[in-house]
Structures are given as structure tokens and as C-alpha cells.
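Enquirer:
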Amino acid sequence: MLALSLAVCALPSRAALDLPERISQIKPAVVAVGTFQANRSPPFLLRGTGFAVGDGRQIVTNSHVVPELLNSREGEYLVVQLGAGTAAPRLSKVSVQRREPAYDLALLRLEGEAITALPLQPDAQPVREGEGVGFVGFPIGTVLGLTPVTHRGIVSAITPIALPGANSRQLNERQILRLRSGTFEVYQLDATAYPGNSGGPLFSLDTGQVIGVLNMVFVKGSKEAVLSQPSGISFAIPARYIQQLLRDAQTQP
24 MLALSLAVCA
34 LPSRAALDLP
44 ERISQIKPAV
54 VAVGTFQANR
64 SPPFLLRGTG
74 FAVGDGRQIV
84 TNSHVVPELL
94 NSREGEYLVV
104 QLGAGTAAPR
114 LSKVSVQRRE
124 PAYDLALLRL
134 EGEAITALPL
144 QPDAQPVREG
154 EGVGFVGFPI
164 GTVLGLTPVT
174 HRGIVSAITP
184 IALPGANSRQ
194 LNERQILRLR
204 SGTFEVYQLD
214 ATAYPGNSGG
224 PLFSLDTGQV
234 IGVLNMVFVK
244 GSKEAVLSQP
254 SGISFAIPAR
264 YIQQLLRDAQ
274 TQP
């Protein structure tokens with residue numbers, strides 16, 4: 024068995040909205056995260072999903088979606104595609120504002136104008152097992168085209184998990200303490216996600232608020248089985264770790 028890692032207006036919180044209305048309001052905040060290099064074919068390479076929070080220029084995604092190094096000599100840089108799936112998609116440069124590998128989260132800063140931002144569910148509103156959820160992203164990368172796709176399911180379990188760092192150079196005192204203290208809780212979902220969904224928003228069907236970030240899909244056997252034999256089990260990082268990421272970004276030098 025293998026677990027495979029999966030890239031400025033608040034939404035109304037009234038529960039009366041149906042799913043089509045939710046989707047139409049959430050999609051403008053969802054972006055495709057990738058790299059751009061003009062002399063490459065194709066110039067844009069998708070790495071995952073992200074979404075805007077805060078002031079509409081902060082983009083949340085998974086840390087593993089963001090490359091450690093860029094080929095700056097060849098003019099490669101980090102970008103997001105805005106308006107994916109519309110008649111006028113456009114690329115915008117982003118910079119890495121903060122990473123938190125222990126929770127596989129990254130915060131990017133969008134250059135240019137702000138876009139629609141999604142509200143995060145407050146820590147005081149706990150997520151319950153059985154809660155209806157949806158998530159939006161770019162499953163299987165560009166195979167299906169750069170059009171945001173929505174899935175829905177339930178939070179089937181709240182379970183502990185450990186996310187190892189990509190390499191020992193990412194370890195710091197805080198991360199070592201977390202490793203010693205064991206695992207942290209994630210949401211297990213009764214829904215099928217794919218690697219291109221990495222970094223996409225997990226939202227409550229009732230409120231439209233973001234309750235987590237898509238992170239992993241459980242794969243039976245090999246990585247290739249994610250397409251031929253999807254398990255229907257996916258995982259998401261709770262939104263409280265996004266809140267912490269935003270707080271840390273405010274206090275960093």
C-alpha cells in the first residue's frame with residue numbers, strides 16, 4: 024500500500040446556498056500552481072492547486088507543490104494561472120512567503136491585483152465526522168485540461184498522521200519537537216482525489232468556508248493505480264494549520 028502526496032471578497036456564509044451556487048463562488052479563488060519557462064515546451068508546467076485567502080494576494084497550497092529550486096538561468100519562475108477554465112486565463116508571478124513542511128503547507132504572494140479570497144472556518148467551529156464537504160482542483164494535471172473540477176463527499180474520519188520532511192535539511196528545532204511528540208490530526212475523506220488536486224481547498228457544503236487543504240490520496244499498490252484503481256480515500260490538512268501559517272507569516276522578519 025502507498026500513500027501518494029497530491030499546487031478579495033468573502034463568501035456568504037448562509038447555509039441556504041446550493042452546491043452550484045457554492046461552486047460558482049469558490050472557483051474564482053482557485054488557481055493552478057506551476058512554473059513557467061518561455062523556451063520550454065510547454066512553457067507552463069502544472070504542479071498542483073492553490074487558493075486565495077486573506078487579502079486576496081495570499082495563495083495557500085501544499086509545500087510539496089512548490090519546487091525547492093527553479094532554473095533561474097533559463098528564466099524559470101513560479102506562477103499561478105488565474106481564471107483557469109474561463110475564456111481569458113492569465114499567468115501571474117508569485118513568490119514564496121512562507122513554508123511549513125511539517126504540515127506540507129506553503130503560502131505564496133501574488134503579484135498584481137488581488138482575487139477573490141475564501142473564508143477560513145474559525146477554530147471555534149470544530150469539524151465533525153460525517154460533515155458534507157467539497158473540493159476544487161485540477162485532477163490528473165493537464166490531462167483533463169486546466170479546468171477546475173469539483174468533487175464532494177464527507178469527512179469519514181479524523182485520524183492522526185505523520186508527514187516526513189522531504190530531506191533532513193528541512194528539519195529544524197520546531198519540526199524535531201513535532202516528530203518527537205508524534206502525529207497530528209488530518210481529515211480522511213470519502214471522496215476520490217488525484218495528485219493534481221494537491222493544495223486545493225476543502226470546503227464545507229453548509230457554510231462555504233474552507234476547512235482544509237487537499238494533501239494526499241491513498242493508492243492501492245503502485246502510483247499508476249491512482250488512475251486505474253482509485254481508492255476513494257483522500258486526506259486533507261485542517262484549516263487551523265492555515266491559520267497558524269498566516270499568523271507566522273505576519274510575524275516573520
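Every number in the numbering used here is 23 more than the matching position in the sequence shown, counting from 1.
For each residue, glycine too, the CB sits at the ideal point set by N, CA and C.
In three-state DSSP terms, what is N220?
Expert: In the structure shown, N220 adopts helical secondary structure according to DSSP, grouped into three states.
Enquirer: Alpha carbon to alpha carbon, what distance is there between R70 and T58?
Expert: 8 Å
Enquirer: From Q104, G108, V83, A262, pick the residue whose C-alpha is nearest to that of K116; which is it?
Expert: Selected option, being the one with the closest Cα: Q104.
Enquirer: Report yes if the C-beta distance between A216 and S257 is below 7 Å; otherwise report no.
Expert: yes
Enquirer: Would you mind sorting S221 into buried or exposed? The rule is 16 or more other CB atoms within 10 Å of its CB.
Expert: buried
Enquirer: With Q144 as the anchor, note down where its beta strand (DSSP E) starts and where it stops.
Expert: Neither: Q144 is in no beta strand (DSSP E) and is coded neither H nor E.
Enquirer: Could you give the first and the last residue of the continuous alpha helix (DSSP H) run that contains D271?
Expert: 262-274
Enquirer: Do L143 and V233 have their beta-carbon atoms positioned less than 7 Å apart in this structure?
Expert: yes
Enquirer: How many whole angstroms separate the CB atoms of L128 and S86, which I take to be in contact at a CB cut-off of 8 Å?
Expert: 6 Å
Enquirer: Just reading off the beta strand (DSSP E) that S115 is part of, what are its end residues?
Expert: Going by DSSP, S115 is part of the beta strand (DSSP E) stretching over 113-123.
Enquirer: Sort out for me which residues DSSP pairs A61 with in a bridge.
Expert: None; A61 has no bridge partner.
Enquirer: Run the CB neighbour count on V123, radius 10 Å, all protein chains shown included, and call it buried at 16 or more, exposed below.
Expert: Note on residue identity: the sequence assigns Glu, not Val, to residue 123. Flag for E123 reads buried.
Enquirer: Identify the residues that DSSP records as bridge partners of A55: which are they?
Expert: According to DSSP, which records beta bridges pairwise, A55 is partnered with T72, Q104.
Enquirer: Could you tell me which residues DSSP puts in a beta bridge with A180?
Expert: Q211
Enquirer: Measure the C-alpha to C-alpha separation of A110 and T206 and round it to an integer number of angstroms.
Expert: 44 Å
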